[in-house]
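Note sheet for the following structure.
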Amino acid sequence: MSEEHRTSPYRRNRNDPEAGYSNRNYDEDDDSGSGPFNIVRTKSAPIDQLRRWRVKGVAEKLKSNLDLGVSGEETDLINRKNAFGSNTYPRKKGRNFWSFVWDACRDTTLIILMVAAAASLALGIKTEGIKEGWYDGGSIAMAVLIVIIFTAVSDYKQSLQFQNLNEEKQNIQMEVVRSGRRIKVSIFDLVVGDVVPLKIGDQVPADGLVVSGHSLSIDESSMTGESKIVHKDSTRAPFLMSGCKVADGYGSMLVTSVGINTEWGLLMASISEDNGEETPLQVRLNGVATFIGIVGLAVAVAVLIILVIRFFTGHTTDPNGRVQFTAGKTKFGDAINGFIKIFTVAVTIVVVAVPEGLPLAVTLTLAYSMRKMMADKALVRRLSACETMGSATTICSDKTGTLTLNQMTVVEVYACGNKMDSPENKSLVPPRVISLLIEGIAQNSTGSVFVPEGGGALEISGSPTEKAILQWAINLGMDFGSARSDSVIIHAFPFNSEKKRGGVAVKLSNSEVHVHWKGAAEMVLASCTSYIDANDNVVQMDEDKVAYFKKAIEDMAVGSLRCVAIAYRTCEMEKVPTNDEELEKWQLPEDDLILLAIVGIKDPCRPGVREAVQLCVNAGVKVRMVTGDNLQTARAIALECGILGSDADATEPNLIEGKTFRNYTEAQRLEMADKISVMGRSSPNDKLLLVQALRKRGHVVAVTGDGTNDAPALHEADIGLAMGIQGTEVAKESSDIIILDDNFSSVVKVVRWGRSVYANIQKFIQFQLTVNVAALVINVVAAVSSGNVPLNAVQLLWVNLIMDTLGALALATEAPTDHLMKRKPVGRREPLITNIMWRNLLIQAMYQVTVLLILNFGGISILNLKHDEKAHAFKVKNTLIFNAFVFCQIFNEFNARQPEQMNVWKGVTKNRLFMGIVGIEVVLQFMIIFFLGKFASTVRLSWQLWLVSIAIGIISWPLAIVGKLIPVPERNFGEYFRIRRKKNPTGKGDADQEVST
1 MSEEHRTSPY
11 RRNRNDPEAG
21 YSNRNYDEDD
31 DSGSGPFNIV
41 RTKSAPIDQL
51 RRWRVKGVAE
61 KLKSNLDLGV
71 SGEETDLINR
81 KNAFGSNTYP
91 RKKGRNFWSF
101 VWDACRDTTL
111 IILMVAAAAS
121 LALGIKTEGI
131 KEGWYDGGSI
141 AMAVLIVIIF
151 TAVSDYKQSL
161 QFQNLNEEKQ
171 NIQMEVVRSG
181 RRIKVSIFDL
191 VVGDVVPLKI
201 GDQVPADGLV
211 VSGHSLSIDE
221 SSMTGESKIV
231 HKDSTRAPFL
241 MSGCKVADGY
251 GSMLVTSVGI
261 NTEWGLLMAS
271 ISEDNGEETP
281 LQVRLNGVAT
291 FIGIVGLAVA
301 VAVLIILVIR
311 FFTGHTTDPN
321 GRVQFTAGKT
331 KFGDAINGFI
341 KIFTVAVTIV
351 VVAVPEGLPL
361 AVTLTLAYSM
371 RKMMADKALV
381 RRLSACETMG
391 SATTICSDKT
401 GTLTLNQMTV
411 VEVYACGNKM
421 DSPENKSLVP
431 PRVISLLIEG
441 IAQNSTGSVF
451 VPEGGGALEI
461 SGSPTEKAIL
471 QWAINLGMDF
481 GSARSDSVII
491 HAFPFNSEKK
501 RGGVAVKLSN
511 SEVHVHWKGA
521 AEMVLASCTS
531 YIDANDNVVQ
541 MDEDKVAYFK
551 KAIEDMAVGS
561 LRCVAIAYRT
571 CEMEKVPTND
581 EELEKWQLPE
591 DDLILLAIVG
601 IKDPCRPGVR
611 EAVQLCVNAG
621 VKVRMVTGDN
631 LQTARAIALE
641 CGILGSDADA
651 TEPNLIEGKT
661 FRNYTEAQRL
671 EMADKISVMG
681 RSSPNDKLLL
691 VQALRKRGHV
701 VAVTGDGTND
711 APALHEADIG
721 LAMGIQGTEV
731 AKESSDIIIL
741 DDNFSSVVKV
751 VRWGRSVYAN
761 IQKFIQFQLT
771 VNVAALVINV
781 VAAVSSGNVP
791 LNAVQLLWVN
801 LIMDTLGALA
811 LATEAPTDHL
821 MKRKPVGRRE
831 PLITNIMWRN
841 LLIQAMYQVT
851 VLLILNFGGI
861 SILNLKHDEK
871 AHAFKVKNTL
881 IFNAFVFCQI
891 FNEFNARQPE
901 QMNVWKGVTK
911 NRLFMGIVGI
921 EVVLQFMIIF
931 FLGKFASTVR
941 LSWQLWLVSI
951 AIGIISWPLA
961 IVGKLIPVPE
971 RNFGEYFRIR
981 RKKNPTGKGD
991 ADQEVST
């Protein structure tokens, strides 16, 4: 079907403030229709037609039912997608491979090397002929080309992975009604005609019309740019825009436009995605790389000046001992060629010195960690969260669904003033109470019950608490459909996390009005003045009865039960507003309630949660429970989970109520925050206040949240963790990481991966700086003393490839170990290069420099090459130095894996990628020596010299073990090079800002 036919019945008309939407390009008469549907294309857009049809008429035209939704059959869904398009929109194409090649080619040092290679190639061919003259310049050009290709391939792969993860973030699971059944589908599978239930925190998934709603308010700021909350209903303001958020209330909508035909789709199609986010660690590493690069540049300039002076003053000889330049005798072309070789060596020193692999290592380890975290049920939305999580010092966790299973069952009930023998035993409960309970539960609920036509188990949808209460009502004899149709909802007060209760006013067939309330037991009980006894009499509550019910609530809470009270009252019809606007503002009466029942809902702790909490304790991460449940329930669960160690800990200030904390002064909150382990009956604002206080105390705070009102706390925290199952879209969008299974154990895994990111970066820094220091010192000392360098441009580029790409890939993909969870969190100001790393890299670098300089200056004598031709002996010596240097790096990769532990081989066989990369490096080194001698200026070595090369490399293993016995000072080595700035006169930010390598 052509794109013009894959369109939408309705689109927002921004120029028509009254209409809100226009009936875009459709009427009933044109025959260029949208497949089998009765709405077809036209050139006009009469809003009168929509007014005539209304929502029910639009549903009929779309062959949908406002109660049952679309059929959900595959053929029908395909027809709808063909007619109106799918709920996706064209994304900007990601960067192709050649753009990454171009980026790599734009590296300044590589450009200089290519220019030098071209000049060397031209002069070489001119002076020595094409057969021999292309080697020097051609070798450098090929080496640069290999570096460019490796870099581009690596960056391109990571770009594709980040694109895939970004698409995963957009794949929201949502409820739709199809054939009367509520099912979850991907937002991409939504079709025109679908009926979608909406509740607080949901994202409006497509353009559409309100079918029904109670206190339904929409935040349209994502579309209009204005933060005004707009009330919606099915008559006066039925139009909903994709991408907006449900700010309050609940209801349902009919989808009329999807994908590119929505306003949101048009907007998103015009926005290009930017995956160029730099994390704080990448920024820090860029600073380190810049500093090292400046040092390398200074060294390269010094080497260039020294070599040029030596060359043009006749102090430089070739391998045969001949002076390379004699004033007045040396040809101009030879002089220029000699200068180009010197210049190339200097530039190559810069290439090796600049640790371009540091940012690459961050990208690789983040990409690897994000992929693995997905397998561990954690979806990363912001890259920086990966590394920040490794520094977390405290986790403020929800209880329900995170520490508990979220599989709720009513296990205890108090009704008619007494405890029922069993929740389903209704023999002592008057029929009127049963009827009122069923009426209140059915109408005062955002859940639903689906009865399969062919029989079978009932399907209950809704929040876990709603499902538990609905199941209990069904056990009492509730027919959900009949209970819903026996009365009509006049007005609703959706459940509010501040008031912790929700209510609904319903009108019965006899015009009587009942107001039903349901919520936190002690909150609802406080509004009750009477109850219905076993004789069906309304009895006033005296102090003894109030105390009895309070004791019942406390006993259930001590038993880890969530307590919910259900109450009602009658309301005179005359007091119910008749005007729609007044009705919308009507405050449901919540005093003089009649208590119907108090139910205790069991939500068992998740298996393994106690061990996960203990793992956090061992890792120096304090777990705090912040829950809306009452203090006794919170206390019981905290003891069961290990957040509170014993009954002795279950007192203030360890255990505190949200209201108490809220009423403290800011100074008191700062003082108390560290001591709090459990906060019960907390509101989202209490959670926010706790997070703010903890951060001011210097903590790196991770917070879990699932509700819309948790968004400020999620945003305020260093790491916001939203729940993937129970979490609202508003909460998810405010988060950094989504916990897909709502499991606290997954949160702990995120901490492990966060620490792994930081540890892997440190491993790579240690490895790369060892190579940097060794290569620089060897070439500088050799250049200054003899005028020649043992490691030429091509060889250094190969070493650079081992460091930057293969080394980063090998070390960045180390999986987290148990050892990581036995260390304290990494502080905000802790330096990247620790004293342990300084010790390790300096020992290895000093060893490599010492051994290879001995070979450089005395290698011909040591290797007994005095009787060989000078040029050949020189090449054998330099080849051995190159080979030994490479094997030093290969073996040092094993040392870098375990910077602190003696056993550098621990777990190495589990990392197949690491072993594979080491194998590739060894094979490539053999190939360079055996087959690419002209390319790398090497000669074939005897098997004895191969053993010498490997032996020199393998000595780094016992050296690393012995080195770890050397104690390190507490003061960081980098502090000796730290620049301390003056205090910020504004008083904002850090008192002392420091810059350190």
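Residue 1 is where the sequence shown starts when you use the UniProt record's numbering, and the numbers rise one by one after that. Ideal Cβ placement from N, Cα and C applies to all residues, glycine included.
Using a threshold of 9 Å, state whether the C-beta atoms of residue i and residue j are closer than that.
i, j, result
"ALA693", "ARG669", "yes"
"SER482", "LYS507", "no"
"VAL246", "ASP202", "yes"
"TYR156", "ARG95", "yes"
"VAL750", "MET374", "no"
"LEU588", "TRP517", "yes"
"ASP706", "SER734", "no"
Considering only the alpha carbon of each residue, which of the options lies closest to residue i?
i, options, result
"SER445", "GLU453, PHE493, CYS244", "PHE493"
"PRO825", "GLU512, GLY502, ARG755", "ARG755"
"ASN82", "TRP53, LEU145, LEU190", "LEU190"
"PHE914", "PHE891, ALA118, LEU77", "PHE891"
"MET556", "LEU863, LYS419, VAL449", "LYS419"
"GLU574", "ILE637, PHE549, THR404, VAL513", "VAL513"
"THR256", "THR394, ARG80, PRO430, MET223", "ARG80"
"ARG912", "LEU791, ILE598, LEU811, VAL623", "LEU811"
"VAL613", "THR394, SER560, THR651", "THR394"
"LEU947", "LEU358, PHE926, SER734, PRO967", "PHE926"
"GLY720", "CYS386, ILE187, GLY213, ILE125", "CYS386"
"CYS563", "VAL204, LEU379, THR465", "THR465"
"ALA567", "VAL576, ASP591, ALA547", "ASP591"
"PHE930", "GLU814, THR879, VAL210", "THR879"
"LEU437", "ILE146, ILE598, ASP542", "ILE598"
"MET241", "VAL210, PHE495, ALA774, ALA457", "VAL210"
"PHE594", "TYR531, LYS585, ASN537", "The question names Phe, yet the displayed sequence has Ile at residue 594. Of the candidates TYR531, LYS585, ASN537, the one whose C-alpha sits nearest the C-alpha of ILE594 is TYR531."
"THR363", "ARG839, LEU941, THR813, ASP868", "THR813"
Kindly list the residues whose CB is nearer than 6 Å to the CB of residue i, restricted to its own chain and excluding five residues on each side of it in sequence; keep chain order.
i, result
"ASP29", "Only weak support is given to the placement of ASP29: the predicted model assigns it a pLDDT of 42, under 50, and the value that follows is read from those uncertain coordinates. Nothing listed; no residue qualifies."
"SER154", "THR805"
"VAL177", "GLY69, VAL195"
"LEU110", "VAL144"
"VAL678", "MET625, ALA634, ALA638, LEU655"
"PRO604", "LEU405"
"ALA552", "TYR414"
"THR704", "SER397, ASP398, THR402, LEU721"
"ILE294", "none"
Considering just the uninterrupted stretch of the alpha helix (DSSP H) at residue i, what are its terminal residues?
i, result
"HIS715", "711–716"
"HIS872", "870–897"
"CYS386", "383–389"
"SER942", "Careful: SER942 lies outside any alpha helix (DSSP H) and carries neither H nor E."
"LEU631", "631–641"
"GLN443", "431–443"
"CYS105", "97–105"
"ILE966", "Neither: ILE966 is in no alpha helix (DSSP H) and is coded neither H nor E."
The beta strand (DSSP E) spanning residue i covers which residue range?
i, result
"SER448", "448–450"
"PHE493", "487–496"
"ASP649", "Per DSSP, ASP649 belongs to no beta strand (DSSP E) and is neither H nor E."
"CYS563", "561–571"
"THR409", "409–415"
Can you find the residues in the same chain that come closer than 8 Å, C-beta to C-beta, to residue i, ignoring five residues on each side of it along the sequence?
i, result
"LEU689", "PHE661, ARG662, ARG669"
"MET408", "PRO464, THR465, LYS467, ALA468, ARG562, ILE601, LYS602, ASP603"
Give me, in chain order, the residues of the same chain whose beta-carbon lies closer than 7 Å to that of residue i; leave out the 5 immediate sequence neighbours on both sides.
i, result
"MET142", "PHE935"
"ASN610", "First, the residue type needs correcting, since residue 610 is Arg and not Asn in the sequence shown. For ARG610, where only same-chain residues beyond five positions count, the Cβ hits under 7 Å are CYS641, GLY642."
"ASP742", "GLY401, THR402, ASN406, MET723, GLY724, ILE725, GLN726"
"GLY502", "ASN444, PHE493, PRO494, PHE495, ASN496, LYS518, GLY519"
Does the ligand GDP have a heavy atom nearer than 8 Å to the CB of residue i?
i, result
"LEU403", "Absence of the ligand GDP is noted for the structure shown, with no ligands found whatsoever."
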